[in-house]
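Residue numbers (this note's numbering): 70 to 248. We put the CB at the ideal spot given by N, CA and C, even for glycine. Computed from a prediction, not measured in an experiment: that's the story for all the values here.
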């Protein structure tokens, strides 16, 4: 069996993504792989961060006699076990990790030093206690108490109804078992 190390295409239209795989030379491009050895993402802006290879496994497959395709051979020469761009690759991965975009802090938003806005003027007015606010507070507490008392009897009525339903079900099951 002739084993090849080649790219298996994944992704979608206009957004390719490849896995570096070992495959039988007769399998289709996206067929079943023997082993996946890494990936290649040509859409990453950092050129040296586009490829990640499992160098240990690539060295094994090359020693066994697997033949890489032309593109994979170029990737192995650059980023493989004895690659020429290994240092640049590690630096590129570090840059990608540290340059993750973050949201600006809320303090960085522009501040207005002009007249107070409508919201600010409304909060200023609500901060001053008025006679209406004092009168409304006790009334709402008195209304809330009777509502709670009305809810309690409703729950008590629901409990006996459930108890009546339970014996009816038992009688029905007894009649079925007697037949």
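Along the chain, where does the alpha helix (DSSP H) containing residue i start, and where does it finish?
i, result
"residue 120", "Run containing residue 120: none in the alpha helix (DSSP H); it sits in the beta strand (DSSP E), 120-122."
"residue 254", "A query on residue 254 cannot be resolved here, the shown segment of the chain reaching from 70 to 248 and no further."
"residue 147", "139-148"
"residue 115", "Note, residue 115: premise wrong, no alpha helix (DSSP H); not H, not E."
"residue 161", "155-167"
What residue range is occupied by the uninterrupted beta strand (DSSP E) comprising residue i?
i, result
"residue 105", "104-109"
"residue 72", "72-81"
Assign residue i to buried or exposed, taking buried as 16 or more other Cβ atoms, counted over all protein chains shown, within 10 Å of its Cβ.
i, result
"residue 71", "exposed"
"residue 91", "buried"
"residue 100", "exposed"
"residue 84", "exposed"
"residue 81", "exposed"
"residue 164", "exposed"
So, under 8 Å CB-CB, residue i and residue j are touching, yes? Tell me the CB distance rounded to an integer number of Å.
i, j, result
"residue 253", "residue 135", "Residue 253 is absent from the structure shown; the chain starts at 70 and stops at 248."
"residue 77", "residue 95", "So it is not a contact: roughly 15 Å between Cβ atoms."
Measure the Cβ-Cβ separation of residue i and residue j and say whether it is below 8 Å.
i, j, result
"residue 144", "residue 123", "no"
"residue 111", "residue 121", "no"
"residue 158", "residue 117", "yes"
Which residue from the options puts its Cα closest to that of residue i?
i, options, result
"residue 166", "108, 115 and 149", "115"
"residue 79", "108, 138 and 94", "108"
"residue 137", "81, 89 and 153", "89"
"residue 125", "148, 139, 140 and 113", "148"
"residue 75", "160, 146 and 139", "139"
Consider the C-beta atom of residue i and the heavy atoms of the ligand PLP; say whether any pair is separated by less than 7 Å.
i, result
"residue 126", "Absence of the ligand PLP is noted for the structure shown, with no ligands found whatsoever."
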